[in-house]
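Asks: For what it's worth, the UniProt record's numbering labels the leading residue of the sequence shown as 1, then goes sequentially.
Quick reminder that beta carbons are idealized off the backbone N, C-alpha and C, glycines included.
Predicted model only: the values in this text are computed from it and were never measured.
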Amino acid sequence: MFLETLVDFIIIHKDDLQDWLFVLLTQLLKKMGADLLGSVQAKVQKALDVTRDSFPFDQQFNILMRFIVDQTQTPNLKVKVAILKYIESLARQMDPTDFVNSSETRLAVSRIITWTTEPKSSDVRKRSRVGEDFPTRSASTCSGPGEGNLEENCKQVD
Numbered sequence: 001m002f003l004e005t006l007v008d009f010i011i012i013h014k015d016d017l018q019d020w021l022f023v024l025l026t027q028l029l030k031k032m033g034a035d036l037l038g039s040v041q042a043k044v045q046k047a048l049d050v051t052r053d054s055f056p057f058d059q060q061f062n063i064l065m066r067f068i069v070d071q072t073q074t075p076n077l078k079v080k081v082a083i084l085k086y087i088e089s090l091a092r093q094m095d096p097t098d099f100v101n102s103s104e105t106r107l108a109v110s111r112i113i114t115w116t117t118e119p120k121s122s123d124v125r126k127r128s129r130v131g132e133d134f135p136t137r138s139a140s141t142c143s144g145p146g147e148g149n150l151e152e153n154c155k156q157v158d
């Protein structure tokens with residue numbers, strides 16, 4: 001019941017929730033890392049989808065980068081996979097100008113690369129490869145070599 005109410009709350013009050021986005025997004029991603037019933041997981045995913053569609057993409061991207069580099073956070077493998085899935089879906093909707101080439105972004109990309117080398121991280125490795133094959137986009141968005149590669153996109157936006 002709470003998750004359905006949360007989705008409605010986000011839809012209705014999204015303009016007033018900008019300062020709350022960090023907490024909302026990180027808590028939903030952490031929730032995806034828990035052992036959940038399929039029905040609850042679907043509701044959390046719906047809340048993530050509504051969140052992604054309700055707030056500015058660049059703001060979400062910056063929050064994700066900040067969360068990834070935060071040394072006080074120790075996400076489990078399921079949370080890491082959820083983060084990568086969310087970044088992938090977000091990146092598919094972002095314009096190249098939404099990507100920020102900052103030291104924080106470069107550190108986050110480095111941290112994601114480190115995640116893929118950890119033992120027991122085959123799901124993370126699989127998820128990190130999925131974004132390499134982005135479907136063709138219109139001419140107004142970036143394309144060509146490096147498309148789908150977050151690190152390359154960050155370098156291109158300089």
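Could you pull out every residue in the same chain whose Cβ sits closer than 8 Å to the Cβ of Lys-46, ignoring the five residues on either side in sequence?
Replies: Leu-3 and Val-7.
Asks: Using alpha carbons as the reference points, say which of Ser-110, Trp-115, Val-100 and Phe-9 lies closest to Phe-57.
Replies: Among Ser-110, Trp-115, Val-100 and Phe-9, the Cα nearest to that of Phe-57 belongs to Val-100.
Asks: Throw me the rounded Cβ distance for the Leu-29 and Ile-83 pair, which I believe falls under 8 Å.
Replies: Contact flag correct, Cβ pair sits at about 6 Å.
Asks: When you compare the stretch 71-81 with the stretch 9-21, are there three or more beta-carbon pairs, one atom per stretch, that lie closer than 8 Å?
Replies: Too few Cβ pairs lie closer than 8 Å, so no.
Asks: Can you give the beta carbon distance from Thr-26 to Phe-67, rounded, assuming they're within the 8 Å contact cut?
Replies: Right, their Cβ atoms sit about 5 Å apart.
Asks: Can you list, in chain order, the residues of its chain whose CB lies under 8 Å from that of Gln-41, leaving out five sequence neighbours each side?
Replies: Closer than 8 Å at Cβ, skipping near neighbours: Met-32.
Asks: Taking DSSP as the reference, what is the three-state secondary structure of Glu-104?
Replies: Three-state DSSP puts Glu-104 in a helix.
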